[in-house]
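Asker:
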Amino acid sequence: MKRMSWFNVTSLTLGFAFLYLPMLVLIFYSFNASKLVTVWAGFSTRWYGELLQNEAFLDAAWVTLKVAVISSSIATVLGTMAAYVLVRGGRFLGRTLFSGMIYAPLVMPEVITGLSLLLLFIGIGLDRGVLTIVLAHTTFSMCYVSVVVSSRLVSFDRSLEEAALDLGSTPFEAFRLVTLPIIAPAVISGWLLAFTLSLDDLVIASFTAGPAATTLPIKIFSAVRLGVSPEINALSTIMILIVTVGVVTASLVSKRNALRAQNEVQAAERAAA
7 MKRMSWFNVT SLTLGFAFLY LPMLVLIFYS FNASKLVTVW AGFSTRWYGE
57 LLQNEAFLDA AWVTLKVAVI SSSIATVLGT MAAYVLVRGG RFLGRTLFSG
107 MIYAPLVMPE VITGLSLLLL FIGIGLDRGV LTIVLAHTTF SMCYVSVVVS
157 SRLVSFDRSL EEAALDLGST PFEAFRLVTL PIIAPAVISG WLLAFTLSLD
207 DLVIASFTAG PAATTLPIKI FSAVRLGVSP EINALSTIMI LIVTVGVVTA
257 SLVSKRNALR AQNEVQAAER AAA
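In this text, residue positions in the sequence shown follow our numbering: the first is 7, and each later residue adds one.
1. Which residues share a DSSP beta bridge with Asn38?
2. Just tell me which of Thr138, Ala88 and Phe22 has its CA closest to the CA of Val154.
3. Tell me the DSSP bridge mates of Ala219?
4. Going by alpha carbons, who is nearest to Leu265 out of Glu237, Ser105 and Ile189?
5. Please go through the stretch 144–192 and give each complete alpha helix (DSSP H) segment of 4 or more residues, from N-terminal end onward.
6. Quick one: is the Cβ of Met107 within less than 6 Å of any heavy atom of the ligand FMN?
7. Could you check if Tyr150 is buried or exposed, using at least 16 other CB atoms within 10 Å of its CB as the buried criterion?
8. Restricting to Cα atoms, I'd like to know which of Leu222, Val251 and Val249 is closest to Glu237.
9. For the stretch 73–86 against the stretch 187–206, are there 3 or more C-beta pairs whose distance is under 8 Å?
10. With DSSP run on the structure shown, which of helix, strand or coil describes Gln59?
11. Whole angstroms is fine: what's the gap from Thr220's alpha carbon to Leu124's?
12. Val45 to Ile33, Cα distance in whole Å?
13. My output table needs one value for Gly120: the three-state DSSP class, helix, strand or coil.
Given below as structure tokens:
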């Protein structure tokens, strides 16, 4: 095995330090007993206890999780359908327009997207709240799901679907029993990406959220403007932990599904031979 040069090792170390060192510092100071976030006064879990008693943060966290789960689930369904149409639909009238509308949120500034959605909700008389945030997050996150699933469908072996159709399956059954299990890792990755984007969004949510529905990024941003408190460090540490657990779990599930699909394909090939 070829050894890495000192330049590659140094570049890799600096890159990881730039990405993860601030997070490690934040986690370290979340266990600080002092009210000053930059002055270490001993180990303590005090701020985690006070965070669990902060109703404002807890309400905002509940709204954020609810919006993230609902919007990412809807975006995954719509994004998968859009990807299937783009890859398998061939040439049809309006395909270019449809493709452009799917990919537009990828390059559209979030301020423009948020303002457009705000004007839309005002125009149709829809009060801002959880529903408007869900609709907004679904709008901009489904395109990311579509890109992820499309990349998997492009490399998909269609002979497997044709074999299922030859054996008497309907097109829907072939999709459900053959296509969907094979592209499941991409679908799960798309859901995770949409969930993370919704969990992290501040700009679009600030346009579409109402007084009765404040997301956690908005709450944190409002609190930080008055000064960083140790409770925010504790809250950020919990969010990092949740995202890390989700990513690791999804990675393990995706690997297991990919291995199972590969074994099923090999078994089918052996049976056909």
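The beta-carbon is built from N, C-alpha and C at its ideal position, and this holds for glycine as well.
Answerer: Per the coordinate set shown:
1. Beta-bridge annotation (DSSP): Asn38 is paired with Phe49.
2. It is Ala88 whose Cα lies nearest to the Cα of Val154.
3. Residue pairing by DSSP puts Ala219 in a beta bridge opposite Gly216.
4. It is Ile189 whose Cα lies nearest to the Cα of Leu265.
5. Correct list: 165–172 and 177–180.
6. The ligand FMN is not part of this structure, which contains no ligands at all.
7. The C-beta of Tyr150 has 16 or more other C-beta atoms within 10 Å across all chains shown, which makes the residue buried.
8. Closest by C-alpha distance to Glu237, out of Leu222, Val251 and Val249, is Leu222.
9. Here the stretch 73–86 lies against the stretch 187–206, with 3 or more beta-carbon pairs under 8 Å apart.
10. Coil at Gln59, not helix or strand.
11. Rounded to the nearest angstrom, the two C-alpha atoms are 15 Å apart.
12. In this structure, the CA atom of Val45 is about 14 Å from the CA atom of Ile33.
13. The answer is helix: DSSP assigns Gly120 an H, G or I state.
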